[in-house]
Amino acid sequence: MASNADAAELLRLIADLLDLRGERFKPEAYRRAARSIDTLPEPLAKYAERGELRAIPGIGEAISAKLTEYLKTGRLGYLDRLQTEIPAGVVQIMRLPGIGPKTARRFWVEFHVESPAALRKAIDAGRLSGARGFGERRIAQFREAAGARPAGARIPIAEAWPRAQRLAASIRQHLTGGERAEVAGSLRRCRETVGDVDLLVGSRRSSEIFDRVANGSDVLEVLLSGDTKMTIVLEGGLQVDVRVVDPDSFGAALVYFTGSKDHNVRLRTLAKDLGLKINEYGVYRGERVIAGRSEYDVYDAVGLSWIPPEMREDRGEIDLAATDSVPTLVELADLKGDLHGRLSPDASPDDLDRALAEARRLRLDYVGILVHGTDDDGHRAALPAETWQRLAVRRERRRPGEAAVLLGGEFTSLASGDADREVDFRVLRAQGSPPVTADCLGPGWRLVSHLGPAPAEATERERWGAWLAFAAAHGLSVEVGPGPERLDSEGARELLRLRGTLHVVTGFDRTPEDPIGPISLGFARRAWARATDVQNTRRVTGGEASSPDRGDQDATMRSSARRARSATSGRTSITKRFS
DNA sequence: GCCGTTTTCGGCCCGACTGTTTTCAGTCG
Ligand SMILES: Nc1nc2c(ncn2[C@H]2C[C@H](O)[C@@H](COP(=O)(O)OP(=O)(O)OP(=O)(O)O)O2)c(=O)[nH]1
Ligand SMILES: [Mg+2]
Ligand SMILES: [Mg+2]
2 MASNADAAEL LRLIADLLDL RGERFKPEAY RRAARSIDTL PEPLAKYAER GELRAIPGIG
62 EAISAKLTEY LKTGRLGYLD RLQTEIPAGV VQIMRLPGIG PKTARRFWVE FHVESPAALR
122 KAIDAGRLSG ARGFGERRIA QFREAAGARP AGARIPIAEA WPRAQRLAAS IRQHLTGGER
182 AEVAGSLRRC RETVGDVDLL VGSRRSSEIF DRVANGSDVL EVLLSGDTKM TIVLEGGLQV
242 DVRVVDPDSF GAALVYFTGS KDHNVRLRTL AKDLGLKINE YGVYRGERVI AGRSEYDVYD
302 AVGLSWIPPE MREDRGEIDL AATDSVPTLV ELADLKGDLH GRLSPDASPD DLDRALAEAR
362 RLRLDYVGIL VHGTDDDGHR AALPAETWQR LAVRRERRRP GEAAVLLGGE FTSLASGDAD
422 REVDFRVLRA QGSPPVTADC LGPGWRLVSH LGPAPAEATE RERWGAWLAF AAAHGLSVEV
482 GPGPERLDSE GARELLRLRG TLHVVTGFDR TPEDPIGPIS LGFARRAWAR ATDVQNTRRV
542 TGGEASSPDR GDQDATMRSS ARRARSATSG RTSITKRFS
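With positions in the first sequence counted from 1, the corresponding number in my numbering is that position plus 1.
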């Protein structure tokens with residue numbers, strides 16, 4: 002079964018082959034389509050079934066026909082023909098760093114070099130020396146590229162996040178008023194995986210900054226370094242692009258460096274149509290700069306409202322901004338609680354209080370801590386006795402300004418959860434297929450846990466979709482965030498399409514450096530979630546979960562909330578205040 | 001190959017860095 006990733010790779014291969022043929026524009030068109038497929042929330046086959054392939058940005062008549070053929074037969078005649086024309090090794094050479102279609106084609110046509118191994122041999126034998134444009138340094142670069150391992154894979158955002166923040170903080174230490182440093186690129190957009198770290202600095206002292214960064218302790222290598230940008234490789238192979246611009250250009254540069262590429266291109270094209278020009282230094286009317294200091298100014302100068310970084314993927318956000326209808330996305334300040342707190346088995350009472358202090362800092366009204374039900378071993382969560390005691394005290398006696406403490410249980414079946422009468426709320430762990438049940442659940446069920454990103458395999462994907470539908474139908478929210486136990490932004494998008502609600506993780510129970518909170522929020526925002534799409538933006542009062550602005554909520558959600566409420570009547574007071 | 005509050009044809013973002021060049025091509029962000 003062909004996954005979206007397979008299809009995207011196929012289009013990228015076509016793009017490279019067309020590039021090697023010397024085609025113009027077509028390669029970029031295929032890459033644009035591939036990028037679109039990268040972040041699709043559903044399998045391509047679903048779009049094909051519904052006849053919606055052409056609604057995907059960058060997919061038109063020709064690519065849609067090719068995808069249909071590929072989905073049906075698992076093969077693509079067009080690609081097969083291209084591949085008989087151009088050896089596979091030439092594409093491999095083209096994908097080496099610093100080598101593009103022009104150079105790879107020259108190796109192939111002029112030197113009959115058709116693989117990275119052959120390239121190494123040709124270099125060692127001196128066969129390239131003296132050729133036009135291939136000087137000593139260039140050939141040294143080729144040797145380096147041909148000897149290197151294939152370009153490192155993209156890494157999960159949670160891995161790159163702390164390192165990027167540390168680097169940004171270390172740069173900020175030496176900045177003064179008016180100077181700034183921000184993480185940009187795919188990290189700022191909160192993509193699930195990132196190819197590198199992009200750091201923007203607003204300062205007039207670029208060489209000073211580059212010197213300090215290059216001398217950082219975990220810098221392995223400086224790949225390039227000019228007046229305004231530098232690329233370094235950190236320990237572990239993580240690549241970092243640092244760009245420094247004048248503070249007057251910081252806003253324009255932040256727009257540029259945050260991307261995405263497709264967002265930038267559309268923005269710049271729009272400006273052009275208006276007789277303006279956008280680059281990383283500002284917005285220009287002729288020679289004159291009309292914006293550049295802030296992102297707001299840049300968007301405003303081309304008639305757009307500001308667009309949150311997580312939305313900048315050219316998926317229609319620019320049209321919304323043109324009519325001032327960008328949705329107000331969920332923010333940190335909207336979060337009123339977090340039900341998915343966990344304490345490690347050796348957590349001390351102080352650890353608990355540290356978590357509560359963090360919850361207070363986040364201005365949470367309530368926190369839930371999972372203490373019952375089935376953990377990985379099928380046992381009740383273990384905690385030291387004195388921590389249990391502190392937990393019981395904090396739950397019974399809420400201190401002023403502190404979050405209410407609720408105890409929860411995580412269960413693998415509705416029956417086992419309903420049987421546990423000691424918990425304040427219940428979490429259903431996604432295992433196998435979702436339960437088949439009448440439309441009313443017992444009281445206190447709040448969350449579905451352990452539901453990861455959509456699996457690629459078709460029957461597993463079906464089951465995953467069934468869980469989302471189950472959660473949406475019964476008013477259970479699903480956790481969004483990094484890792485294999487939470488929805489990624491595409492999964493979140495799918496849940497919202499089904500009219501479900503998300504649970505954003507605050508990380509109150511983690512160390513301060515743990516990036517799970519901001520990433521969880523970022524994923525939700527990438528799915529264009531508003532506060533009303535996130536269950537834990539609702540306050541829990543003595544009686545019921547209330548939500549201040551339900552005005553634009555859809556009927557499905559209202560009715561499921563009603564169902565859940567009616568189900569609570571006559572049950573224990575503890576569970577009642579949660580339903 | 002895609003796309004359209006200027007287009008169904010004719011455009012397709014804009015600039016930095018490197019190596020090699022004596023004015024620019026190629027690659028990358
Ligand atoms: N205008 C313009 N901007 C670009 C282009 N390529 C990249 N950029 C901008 C937008 C990108 O978000 C930003 C950083 O480039 P990267 O290659 O690191 O891409 P990004 O961080 O988006 O994704 P990544 O996870 O690194 O693959 O630079 C381009 O061709 N044109
Ligand atoms: Mg990047
Ligand atoms: Mg980059």
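A virtual CB, placed ideally from N, CA and C, is assigned to each residue, including glycine.
Note that the coordinates shown come from a computational prediction; the quantities given were computed from them, not determined experimentally.
> CB-CB under 8 Å to L188, same chain, minus the five flanking residues each way: which ones, in chain order?
Replying inline: Hits under 8 Å: I158, A161, W162, A165, V195, V198, D199.
> Thinking C-beta only, is F426 closer than 8 Å to L407?
Replying inline: yes
> What separation, rounded to the nearest whole angstrom, lies between the Cα atoms of P485 and E111?
Replying inline: The alpha-carbon separation between P485 and E111 amounts to approximately 48 Å.
> Which value, in whole angstroms, describes the spacing of the CA atoms of E53 and D263?
Replying inline: Cα-Cα distance, rounded: 21 Å.
> Taking only runs of the alpha helix (DSSP H) that begin and end inside the segment 398-484, which ones reach a length of at least 4 residues, in chain order?
Replying inline: 415-420, 459-474
> If you draw a straight line from the alpha carbon of N5 to that of L365, how long is it in whole angstroms?
Replying inline: 39 Å
> Relative to the C-alpha of L1, which residue among T74, L72, A360, Q142 is closest?
Replying inline: Here the chain comprises residues numbered 2 to 580, so residue 1 is not present and cannot be evaluated.
> Applying the criterion that 16 or more other CB atoms from any shown protein chain within 10 Å of the CB defines a buried residue, is H504 buried or exposed?
Replying inline: buried
> Where does G252 fall in DSSP's three states?
Replying inline: helix
>> So for G90, helix, strand or coil by DSSP?
In response: Three-state result, G90: helix.
> In chain order, what are the residues with a CB under 6 Å from some non-hydrogen atom of ligand 3?
Replying inline: G186, D197, D199, D242
>> Whole angstroms are fine: how far does the CA of A170 sit from the CA of V245?
In response: 15 Å
> Okay, do the segment 311-323 and the segment 470-483 touch, 3+ Cβ pairs below 8 Å being the bar?
Replying inline: no
> Quick one: is the Cβ of F108 within less than 7 Å of any heavy atom of ligand 1?
Replying inline: no
>> Any heavy atom of ligand 5 closer than 7 Å to the beta-carbon of V202?
In response: In the structure on display, ligand 5 does not appear, and the ligands it does have are ligand 1, ligand 2 and ligand 3.
>> Tell me whether the segment 286-293 and the segment 235-244 touch, counting them as touching only if at least three CB pairs, one residue from each stretch, are closer than 8 Å.
In response: no
> How about Y79: is its Cβ closer than 7 Å to a heavy atom in ligand 1?
Replying inline: Outside the cutoff, so no.
> Does the beta-carbon of P435 have 16 or more other beta-carbons within 10 angstroms, so that it is buried, or is it exposed?
Replying inline: With a 10 Å radius around the Cβ and a threshold of 16 neighbouring Cβ atoms, P435 comes out buried.
>> Measuring only the C-alpha atoms, how far is D117 from D125?
In response: Per the sequence shown, residue 117 should be read as Pro rather than Asp. Their Cα atoms are separated by approximately 12 Å.
> Heavy atom of ligand 2 less than 7 Å from the Cβ of V195, yes or no?
Replying inline: yes
>> In the DSSP assignment, the beta strand (DSSP E) including D199 goes from what residue to what residue?
In response: It spans 198-203 - the beta strand (DSSP E) in which D199 sits, taken as one unbroken run.
> Ordered along the chain, which non-local residues of its own chain (more than five positions away) have a Cβ less than 7 Å from that of A323?
Replying inline: Answer for A323: G304, L305, listed in chain order.
> Is there at least one non-hydrogen atom of ligand 1 closer than 7 Å to the beta-carbon of V245?
Replying inline: Checking the Cβ of V245 against ligand 1 gives no.
>> Here's the rule: buried if 16 or more other CB atoms are within 10 angstroms of the residue's CB, otherwise exposed. What is D17?
In response: buried
> Between W465 and the rest of its own chain, which residues show a CB-CB distance below 6 Å, the 5 nearest in sequence each way excluded?
Replying inline: A455, P456
>> Considering Cα atoms alone, identify which of D249, Y300, E281, A254 is closest to L271.
In response: The option with the nearest alpha carbon to L271 is Y300.
>> For the alpha helix (DSSP H) containing T104, name the first residue and the last one.
In response: 102-112
> Is the Cβ-Cβ distance between E411 and S450 less than 8 Å?
Replying inline: Yes, Cβ-Cβ distance for E411 and S450 is below 8 Å.
> Which ranges does the beta strand (DSSP E) cover as unbroken runs of at least 3 residues, wholly within the segment 146-189, from first to last along the chain?
Replying inline: 181-185
> Looking at the structure shown, is V246 part of a helix, part of a strand, or coil, going by DSSP?
Replying inline: strand
> Under 7 Å from any heavy atom of ligand 1, does the C-beta of N1 make it?
Replying inline: The first residue shown for the chain is 2 and the last is 580, placing residue 1 beyond what the model contains.
>> Given the structure, does Y367 come close to ligand 1, in the sense that its CB is under 7 Å from one of the ligand's heavy atoms?
In response: Ligand 1 has no heavy atom closer than 7 Å to the beta-carbon of Y367.
> What residue does the alpha helix (DSSP H) around V299 start on, and which one ends it?
Replying inline: 296-302
>> Just to confirm the assignment, what range does the alpha helix (DSSP H) spanning I38 have?
In response: 27-39
> Can you tell which of I156, S207, L21 has the C-alpha that lies nearest to the C-alpha of R181?
Replying inline: S207
> How big is the Cα-Cα spacing for F135 and E463?
Replying inline: 54 Å
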